[in-house]
Amino acid sequence: MLSNYPVDQLLGDHEKCYFGGSLEARLQKIISLLNLPIVVPVPKAIEQAKKIITTNRESISKRIIEQYHEPTLKEKIKIISKY
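Right, here's the structure in full:
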């Protein structure tokens with residue numbers, strides 16, 4: 001896991017790099033460039049990350065929807081009067 005590595009130790013003297021290609025190819029290039037150990041196979045890591053991102057997005061969307069409330073008449077008048 002990258003979280004176990006200090007950022008300055010990871011980056012060292014590397015400049016900004018831009019990689020093309022598929023997500024898997026770019027990730028492989030970064031891993032080899034930084035000499036990182038492969039703990040989980042890259043395709044599986046990408047799949048796990050996508051699941052986590054999807055779950056987080058759904059959770060955030062749910063929270064936003066739960067926080068919504070229909071504006072009261074007073075709030076509607078206040079909003080309309082601004083314009």
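Under our numbering, think of the first position of the sequence shown as 1, with each following residue one higher. C-beta: ideal position from N, C-alpha, C; glycine also. Predicted, not measured: the structure shown is a model, and the values here were computed from it.
How many Å lie between residue i and residue j at the Cα?
i             : j             : result
isoleucine 38 : serine 32     : 10 Å
serine 81     : threonine 72  : 14 Å
methionine 1  : isoleucine 65 : With a pLDDT of 46 at methionine 1, under the threshold of 50, the modelled position of this residue cannot be trusted; read the value that follows with caution. Rounded to the nearest angstrom, the two C-alpha atoms are 33 Å apart.
glycine 20    : serine 59     : 31 Å
Nearest to residue i by alpha carbon, out of the options?
i          : options                       : result
alanine 25 : Ile77, His69, Tyr83 and Pro43 : Pro43
alanine 45 : Glu70, Gln67, Leu27 and His69 : Leu27
Could you spell out where the alpha helix (DSSP H) holding residue i opens and where it closes?
i            : result
lysine 29    : 23-33
leucine 73   : 73-82
glutamate 58 : 42-67
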